[in-house]
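A quick write-up on the structure given underneath.
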Amino acid sequence: MGPIARDAVDEHPAPRLTCREVVELLSDYLEDGLPVGERARVEAHLATCQDCLAYLAQLRTTIGALGRLREQDVPRPMLARLTDAFRGWRGA
Ligand SMILES: [Zn+2]
1 MGPIARDAVD EHPAPRLTCR EVVELLSDYL EDGLPVGERA RVEAHLATCQ DCLAYLAQLR
61 TTIGALGRLR EQDVPRPMLA RLTDAFRGWR GA
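Counting in the working numbering, the sequence shown runs from 1 upward without gaps.
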């Protein structure tokens, strides 16, 4: 008759990230700031989730706009890489 907090159980294995988790990771993902494992999980989610895919595209556009504003501060190789990544994305 002991009180058992069954409602608090939150330990089911969830190999897939939720959309909320993915959204929180996306800016790090775009900056190559994620460990390989996390990156793979984000990509696995993006492969099956149009919503997060659309959000990623929006984020890239925003970062691209910011990059344009600060173009003089961005080293050229990095700028080229961002432009390249964006082109690749739009072509996909
Ligand atoms: Zn999602």
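Idealized CB from N, CA, C, for every residue including glycine.
Anyone know if the C-beta pair for residue i and residue j falls short of 7 Å?
| i | j | result |
| --- | --- | --- |
| Val23 | His45 | no |
| Leu17 | Leu59 | no |
| Val42 | Tyr55 | no |
Can you tell me whether residue i is helix, strand or coil according to DSSP?
| i | result |
| --- | --- |
| Gly33 | coil |
| Thr48 | coil |
| Thr61 | helix |
| Arg20 | helix |
If we ignore side chains and look at the alpha-carbon of each, how far apart do residue i and residue j end up?
| i | j | result |
| --- | --- | --- |
| Ala40 | Leu66 | 27 Å |
| Ile63 | Glu31 | 10 Å |
| Cys19 | Ala80 | 30 Å |
| Pro35 | Cys52 | 19 Å |
| Gly33 | Gln50 | 23 Å |
| Gly88 | Gly37 | 23 Å |
| Asp84 | Ala57 | 14 Å |
Between residue i and chain C, is the shortest Cβ-Cβ distance under 7 Å, so that the two count as touching?
| i | result |
| --- | --- |
| Thr61 | The question asks about chain C, but that chain is absent: this structure has only one protein chain. |
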